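Chemist: Handing you a structure now.
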Amino acid sequence: MVSDIRRKIKKAIAEDGTVLFVGAGISTWCDIPGWGRLLEDMADYVDRVGGDSAGIRKYKDSQPLLAADLAKRELTGEQYHGFLKSEMRVRTSKPGEIHQLLLDLGINCYITTNFDRLLERAIRANGRRGRLKVVTNTDVQQCVDLCTIKSRNFVFKPHGDIMDGDSIIFTNSDYRDMYENGGRYYAHRTLDTLLATRNVIFVGFGLTDPDFLRIMDRFRNDYKQGVAEKYAIMPDVPAEEMNYWKAAYGIQILSYDTIPAVNGRDYSTIFKVLRELAPAGKKNSLTAKDGREAPDVITQRQRKGLALYAQSVMARFKTNEESIFPLELCPDSCMGLVQSISTEEMLKREVRGFALTGNPGSGKTFFMKRYCAAQAKRLFDWCNTSKRRDMPFIPVYIDLKNYCGPGSIEKEIEDQFPDTVQIHQWMEAGKVLYLLDSYNEMESRYMEDGSCRSDLERYILFKEAVVASRTGTGGRTSRSYRMVAVEESYVRDYLEGNGLGRLADYPAIMGIFQSPLYFQLLQANRISVDESSTVKDIYLSYFQYIMGSIREKMGISADIIAALDDFAFELFSRGAETFTLDSVSDCMKQAIPGLAEKKSREMLNFLMDRCRFLVPLPENRAMFFHQSVTEFLAAVSLASCGNWRQLAADHLEDLRWNQVFLFAAGFFEGEDALEYISVLLGTDSVLAGQAAEYVQGGCAECVTLILEHLYQNADTKLLDYYISLEEASVRLPVTDRHEGILRRLVEKGNLLGGMAAGWLLDLLGNTIKEELIDLIFIHCKDDYNFVTRAAGALSGYITAEDYKEIILKLRDYEIGSVDGLFGFDELSAAFSLGQIVEIFQDAGMLNHVQRQVMAQILQNECSQEAFDLCLKYYLAGWDEMLFTLYLSVRFHDYLPGPFCEGLILRLMREIECGKDKWAIGLLHSLYHKSDEAARYVRGRLKYTSGIVRLAFYYVIGKNRTNSFFSTFISMLYWEELPDAMISAFDEADWRESAGSVIRVLYEQDRIPALTRFLDSLERNKGAFSLDAETLCILLTVIRSFDEPDTRYEVGKFVGAQGERGTLMKMYYLLDEGVKTWMRFYVLPYVGYLEREDFTEEEIRRMLRDLHEYDLEKDIVYTDELLLVNIADETFIRDVLEPMLADDEEVVRRNMAVVLERAGEMYSKRYVSR
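Numbered according to the UniProt record's numbering, the sequence shown spans residues 1 to 1169.
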C-alpha cells in the first residue's frame, strides 16, 4: 500500500500544475515555532506585558484557535504583530535543507499557511527571483490571476505574511472572517479554486494541525469526489486513520516513521522520503509546458484534463444558495404562445444555440455562469464514468466586455484550458459550447470599426452558441429567451412584508429590486429605503453604505461619488466597462488630499474584497460590480455639468446611454426638470415618459408636456411605438390637472387608450371603474389591445359582485370568437380560484363565451386544482377546455390520474372529428408522461383506423415511425386528412419527409394548410432535405399568393432551411417578380448576408422597393429586413438616413421602420419617436 501511494505521489509530482501545500512543520526545521510552542511563548509574553494568560494556557492544546483569540485580546495591535515578528525570526531565519529537498521535487506551484518567508527565500536562492510571484490574502488582483488553470510559478499565502500584519490569519476570529463571513473573499475563492483543480501534496502538517483541519473540512463538502488527487506526507499515521482520511476526505496519506529522541520524536526520516520522491534529473523548474494530444481518441490523460477544466469552471462559478432567486425565461415564441420556463429547469437541460436577452441587471450574467457550471458538471460526470456514451459539449464562458481586438476571444479560450486539452481540435470538431456574455457591450471602438465582427461570426454563426445580450443577436441564433428577472410577486411580497409596499407601485424602483444583485443588497441592508424613496435615493443609500464602511474600517472620509463621477462618464463615453486599477487609484488620490499610495492600494483592496464594489480582473484591471453603477456615476457627472444640453445632444443617439439619461433626471427639479424632459421628448418620447418617474418630487408640467405630445402624435405613431411605450413600463405621476388629457387619450383606444386608462385609474380609482367597464364591453369586439390593457389595470378595483355582473352580461355575446375576449379573464386577477368558481356557478348555464373566459382563467391559474377543474369540465363536454388541458400537461406535467382512460376516449372522438389539432398534442403529451396512458394507447392501436390510427402511430413513435409517415402521406394524397390537423404532428422528425408533404399540398392547392404545416416545423431540430424542386415550389407560393401570413411563414422556412449558396444562386437566376419577394420574405432569414453579397444594382433595387411598397401595410412582417441586415453604419449614415427627407411619404414611413430596426442592431437611435 505504501509503495502504491509513493508511486502515485511521484506521478503527481511529474504532472504540470501540481501544488505543494507547505505547513508549519517545515518551518520548525529552521527553529520557527509550531502551533504548540508558539502559543506557549505567546502566553509567556502576555504575562510579561501584564495580561492574563490563563485562558491561553487552558485551551492551547485542545482549542488552539480559541487560545490565539484570547491572546490577541490581551495585546495591543503593535504588541501582537511585534511578538509574531520576533517569533518568526524575520531578520535571522534562513531556509534549511528541508526547503532544498522540497525544491528538488521540481514543483513550481506552492501554497503555504506559514507566515514566515523561508520558502520564498529558498526559491529565490535557487535563482528563481524574476519568475516567482508571491501572493497573500490582501493581494486581491493577484489572487484573481492565480485562479486561471495555467497559473504557475507562485507561492500563495492564504493565511498571510509576517511583514503584513493585516494579512495574518491566526485566531479563531480570523478564520471565521475568512472562511465563513467572506472577509477575504478572493483569497478564499482562490484557495477553493486551486484545491478543486490541482493535484495537491500536503507536507509539514499533522492530523491535529488547525490549518490542516480547517482545509480538510472544505474537502469533505466540496472536493472529496474531485478528479484532482490529494496526498499528504505525514508522520506515524496508523493504517485505520489513513483509511478514514481516504474514505472521508479523498486524501491519501504517505506515512513515514519517526524514531524516539531525547526531547520527543525525531522526524528526520522525512528527508529520506523527499529524496526518494524527487524525480531524477528534474530540479526546480519554474516553467510549465506540455505536449498536446489529438482528440480523435480520448485518452485517460485527456479525460483527466477535461475533468480538471470542468471542475475549474464549477469552482469559478460556484453560487451560494442564498444568491438564487426565482427567475424565469420567456421564449420569444412557442407555437404563437408565451410559455415561460424557470431558470432552475433550464439548468437541467442541455440547450444550445439560443440568445438570452433582458434589461441591465435582470440576471443574464448570473444565469450564464450558472448555465456554464451546469454544463461543466455534465462534462465532469462523463469524464469520471466508465460508461461509453457520447461526449457532452465542452462549455466555454467568454465575457465580451473584455474583448480587446482581433484574436482576444481565442486567447481567452486558450487561457482557460490546461495543456493536456488541445482545445483547438475540439473547437474544429464542433464539440465546444460557447457562452458569449455581454454581446453588443464590448468597448464601442471595436463595435464601430468592425474589428469584432469576424471573431463573433466564428462562434455565433457556425457554432451552437449561447449568447447573452440586452437586445438580441439580430437573428443570428436559432431561438431567443428573455430574462424576466426576479419574479415581480416575489419582490412585491418582500417589500410589503417590510412595510415598503408603496415602492412596488413604481416600475423603475421595481426594476431595480427585480435585479438579483440589488435585491440581495436590499436583503443584506446595504441599501436603506423607506416608502418615500426614489430611484436616486436608492443608489445614494448604497454609496452611503460604501463610504460609511471605508470610514469605519479605514478611518478615511471619502466622497466616492465625487471621486468617480467624471471618471465613469469618460469610461462610459468610450463604451468601456473595464479599467486599470491605477486609474481608479489616481481618482482617489485627487479626491482625497494626502492619500498615500499604500493607503490608496489598501482602499482599492477594501473596495474589492470587503465591499465587492469593484470586481478585480486579470492584468491589474477591474470593473464596477454592476453596469448600473457606471451609469449612475456618469449621470451625476452629466447632470452637474453646465453644458449638459450639448452632452445630451452628443449622446442621445446612442441607446446605451438610456439609463444614464434616466438617472440624470433625478438630479433636476422645477424649470430645470421641465427643460430636461423637453430635450428628451424632442428625440424619444418613450425615454421622456420613463424619465418623468425619476424626476425628484415629480413634475406636473413634465407630465403635461408628455401627455400632450402623445395626444398630438397619436394618429401618426405605428403599433411598434406603443408596444415600446408599454414595454418600457411608463408610469406617469399624474395629478388632477391631467384628467382631461387622459380622457382624450382613452378615447383614442388601442394600446395608447389602454395605457391611459391605467393612468386614469391611478388618479381617480373607483370613481372611474364603472365607466371603464362599460368601455371594455363597447370595444370587446374590435379593440383587443385596449380591452386587455384596460382590464389588466382594472383588476385591482373589481369586486366579486362586479365580476358576477360582468360574467352575466357576457350572455349577450354568444359568438364564435371575440377579439377582446381575453381581457375578461384579466378582470378576475384579484380573486381566488374558489371565488371564481362560485361566481361562474351562480351565473347558471354558461354559453361559449363564458366558458372560454373560464378556460382562460384556469390556464392563467396553472395549479393542480385548476387542472382538475379543467379536466372535469372537458369530460362534461366543454370543448373550450381542450387547449388549456394541453398546456397543463405539455408544459406543467399535470396528469389525469384515474380519469386517464376517459380522457383518451374523449380525445379519440375529438381527433375523429378532425377539428382541433390540440387533441393530438394532448394525446402525445399524455403518452410520454403517463405510463397508464402509454399502455392504454398501445393496447387500443389495433382497434383504431383512419386519423385516430395515424395519431396513435405518431404518439407511439419509435418502431411505428415508418407507419406514421407512410400513413400520413397516403391520407394526405387521398385528401383524407383535414386541413386543421395537418400541422398537429409537430413532434415528429420531418427532416426527410417535409419535401413530400410540401409537394402534395401545393399540387392540391391547399396553401393555408401548407402555411400552417411549415409553421409547425419550427420545433424540428437540424436541417431539412429540400431539393431544388421543393425550393422552386415554395418560391412560387411566395410569388403567387398575396396573403402576407403565407409569404412570411413560407419565406422564413425557405430562408432558414435552404442552403445559403443555393438560395443566392437561385436569387440571381430568377426574374424580378420572384426576387422582390425573396428580398422581403426569404433573404432576411438566410444565415448572415453582407452587402458584398449583392451587386450595386441589387442594392438600388432594394432601395426602389421602399418607393413601391409600404412596409407596414403591404409587407406587414418587418421583424427582419434584408436592407437592415446587410447595412453597416457607414451605409446607414450615407444612404439610408438621407432618405428620411424624401419627397414621397411612403418612403419616409418606410425609412422610419428601417432605421428603427437598424437602431436595434447597432444600439443607436437613428430616428426620433
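No residue lacks a Cβ here, since even glycine has one placed at the ideal position from N, Cα and C. For clarity, every value in this text was computed on a predicted model and none was experimentally measured.
#1: From I982 to E229, what distance separates their C-alpha atoms?
#2: Quick one: residues in its chain with C-beta nearer than 7 Å to the C-beta of A1056, no 5 flanking neighbours on either side, listed in chain order?
#3: Let me check one thing: in DSSP terms, what residues is C109 bridge-paired to?
#4: Would a C-beta distance cut-off of 9 Å place L638 and L647 closer than the cut-off?
#5: What is the C-beta distance between F1080 and I1126, in whole angstroms, given that I count them as a contact (C-beta under 8 Å)?
#6: Return helix, strand or coil for L433, following the three-state DSSP convention.
#7: What's the gap between the Cα of K748 and the Cα of L1070?
#8: What three-state label does DSSP hand M314 in the structure shown?
#9: Excluding the 5 residues preceding and the 5 following L751 in the sequence, name in chain order all residues of the same chain whose CB lies nearer than 8 Å to its CB.
#10: What are the start and end residues of each continuous alpha helix (DSSP H) run of 4 or more residues lying completely inside the region 110 to 197, in chain order?
#11: Between the beta-carbon of A793 and the beta-carbon of A757, is there less than 9 Å?
#12: Where does the unbroken alpha helix (DSSP H) through P1044 begin, and where does it stop?
#13: Leaving aside the five residues before and after G204 along the sequence, list all residues of the same chain whose C-beta is less than 7 Å from its C-beta, in chain order.
#14: With DSSP as the reference, label V486 as helix, strand or coil.
#15: Roughly how many angstroms lie between the CA atoms of K246 and I253, to the nearest whole one?
#16: Using CA coordinates, which residue listed in L118, E276, A196 and K150 is at the minimum distance from Q7?
#17: Could you give the uninterrupted runs of the beta strand (DSSP E) lying entirely in the region 609 to 635, keeping only those of 3 residues or more?
#18: Does the region 588 to 595 come within contact of the region 623 to 640, defined as at least 3 CB pairs closer than 8 Å?
#19: For E53 and W35, I'd like the C-alpha separation in whole angstroms.
#20: Specify the secondary structure class of L853 as computed by DSSP and reduced to three states.
#21: Report the partner residues of S342 according to the DSSP bridge assignment.
#22: Thinking just about the alpha-carbon of each residue, which of L101, Q302 and M623 is nearest to the one in G575?
#23: Rounded to whole angstroms, how far is the Cβ of R991 from the Cβ of T1030, which I believe are closer than 8 Å?
#24: Using a 10 Å radius around the Cβ and a threshold of 16 neighbouring Cβ atoms, would you call Q850 buried or exposed?
#25: Pull up the DSSP beta-bridge partners for P395, would you.
#26: Measuring CA to CA, which of D650, T1130, E1096 and N440 is closest to K401?
#27: Can you tell me whether H738 is buried or exposed? The criterion is at least 16 other CB atoms within 10 Å of its CB, across all chains shown.
#28: What are the boundary residues of the beta strand (DSSP E) that includes Q252?
#29: For D1042, is the classification buried or exposed, using 16 other Cβ atoms within 10 angstroms of its Cβ as the cut-off for buried?
#30: G753 by DSSP, collapsed to three states: which one?
#31: Just the Cα atoms here: how many angstroms apart are A665 and A692?
#32: What are the boundary residues of the beta strand (DSSP E) that includes P260?
#33: Quick check: the region 62 to 76 against the region 97 to 106, are at least 3 beta-carbon pairs closer than 8 Å?
#34: So what's I839 in DSSP terms, helix, strand or just coil?
#35: According to DSSP, simplified to helix, strand and coil, what is T580?
#36: Let me know the alpha helix (DSSP H) ranges lying completely inside the region 744 to 817, each 4 residues or longer, listed in chain order.
Modeler: Short version:
#1: As a position in the sequence shown, residue 982 is number 982, starting the count at 1. As a position in the sequence shown, residue 229 is number 229, starting the count at 1. Whole-angstrom Cα-Cα distance: 58 Å.
#2: Within the sequence shown, numbered from 1, the residue matching residue 1056 stands at position 1056. When the five nearest sequence neighbours on each side are left out, the beta carbons in the same chain lying within less than 7 Å of the beta carbon of A1056 are those of Y1085, in order along the chain.
#3: One-based indexing of the sequence shown puts residue 109 at position 109. V19 and F154, per the DSSP bridge assignment.
#4: Numbered from 1 along the sequence shown, position 638 holds the residue referred to as residue 638. Numbered from 1 along the sequence shown, position 647 holds the residue referred to as residue 647. The answer is yes: Cβ separation under 9 Å.
#5: In the sequence shown, residue 1080 corresponds to position 1080, counting from 1. In the sequence shown, residue 1126 corresponds to position 1126, counting from 1. Their Cβ separation, rounded to whole angstroms, is 14 Å, which puts F1080 and I1126 out of contact at 8 Å.
#6: Counting from 1 along the sequence shown, the entry for residue 433 is found at position 433. Correct three-state label for L433: strand.
#7: By one-based count along the sequence shown, residue 748 stands at place 748. By one-based count along the sequence shown, residue 1070 stands at place 1070. Taking the straight line from one Cα to the other gives about 46 Å.
#8: The residue you call residue 314 lines up with position 314 of the sequence shown. Judged by DSSP in its simplified three-state form, M314 adopts helix.
#9: The count along the sequence shown starts at 1 and reaches residue 751 at position 751. L719, Y722, I723, L725, E726, N785, F786 and R789.
#10: Under the rule that a run must span 4 or more residues, the alpha helix (DSSP H) segments found entirely inside the region 110 to 197 read 118 to 125, 140 to 146, 172 to 179 and 185 to 197.
#11: Indexing the sequence shown from 1 puts residue 793 at position 793. Indexing the sequence shown from 1 puts residue 757 at position 757. In contact: A793 and A757 (Cβ atoms closer than 9 Å).
#12: Within the sequence shown, the letter at position 1044 stands for residue 1044. Per DSSP, P1044 belongs to the alpha helix (DSSP H) from P1044 to Q1057.
#13: Here residue 204 refers to the residue found at position 204 when the sequence shown is read from its first residue. Same-chain partners within the cutoff: V22, G23, A24, G25 and I26.
#14: Indexing the sequence shown from 1 puts residue 486 at position 486. DSSP, read as helix, strand or coil, puts V486 in strand.
#15: The residue labelled residue 246 in the question sits at position 246 within the sequence shown. The residue labelled residue 253 in the question sits at position 253 within the sequence shown. Each residue's alpha carbon lies about 8 Å from the other.
#16: What you label residue 7 is simply residue 7 of the sequence shown in a count that begins at 1. It is Arg, not Gln, that sits at residue 7 in the sequence shown. Put simply, of L118, E276, A196 and K150 the residue whose alpha carbon is nearest the alpha carbon of R7 is E276.
#17: Counting only runs of 3 or more, we get 614 to 617 and 621 to 624.
#18: No, they do not touch.
#19: As a position in the sequence shown, residue 53 is number 53, starting the count at 1. As a position in the sequence shown, residue 35 is number 35, starting the count at 1. A small fix is needed here, since residue 53 is Ser in this sequence, not Glu. Their Cα atoms are separated by approximately 16 Å.
#20: In the sequence shown, counting from the first residue as 1, residue 853 sits at position 853. For clarity, residue 853 is Val in the given sequence; the question names Leu instead. Per DSSP, reduced to three states, the secondary structure at V853 is helical.
#21: Counting from 1 along the sequence shown, the entry for residue 342 is found at position 342. BP columns for S342 point to E328.
#22: For the purposes of this step, residue 575 is identified with residue 575 of the sequence shown, where counting begins at 1. The shortest CA-to-CA distance from G575 to any of L101, Q302 and M623 is the one to M623.
#23: Position 991 of the sequence shown, counting from 1, holds the residue named residue 991. Position 1030 of the sequence shown, counting from 1, holds the residue named residue 1030. Rounded to the nearest angstrom, the Cβ distance from R991 to T1030 is 13 Å, too far for a contact under 8 Å.
#24: Locating residue 850 in the sequence shown gives position 850, where the first residue counts as 1. Q850 comes out buried.
#25: Reading the sequence shown from its first residue, position 395 is the one you call residue 395. Looking at the DSSP output, P395 bridges to L433.
#26: Counted from its first residue, the sequence shown places residue 401 at position 401. Nearest C-alpha to K401: N440.
#27: Residue mapping note: residue 738 aligns to position 738 of the sequence shown, counting from 1. The residue is buried, with at least 16 neighbouring Cβ atoms inside 10 Å.
#28: Within the sequence shown, the letter at position 252 stands for residue 252. Start and end: I251 to Y256.
#29: To locate residue 1042, count along the sequence shown from 1; it is residue 1042. Residue environment for D1042: exposed (fewer than 16 other C-beta atoms within 10 angstroms of its C-beta).
#30: Within the sequence shown, the letter at position 753 stands for residue 753. Reduced to three states, the DSSP call for G753 is helix.
#31: Walking along the sequence shown from the start, residue 665 turns up at place 665. Walking along the sequence shown from the start, residue 692 turns up at place 692. Going from the Cα of A665 to the Cα of A692 covers about 8 Å.
#32: Counted from its first residue, the sequence shown places residue 260 at position 260. That run of the beta strand (DSSP E) goes I259 to A261.
#33: As far as the Cβ criterion goes, the region 97 to 106 does not touch the region 62 to 76, which means the pair count is below three.
#34: For the purposes of this step, residue 839 is identified with residue 839 of the sequence shown, where counting begins at 1. Helix, per DSSP.
#35: Here residue 580 is taken as the residue at index 580 of the sequence shown, counted from 1. DSSP places T580 in strand when its eight states are reduced to three.
#36: With a minimum length of 4 residues, the continuous alpha helix (DSSP H) runs that stay inside the region 744 to 817 are 750 to 764, 769 to 779, 784 to 794 and 800 to 809.
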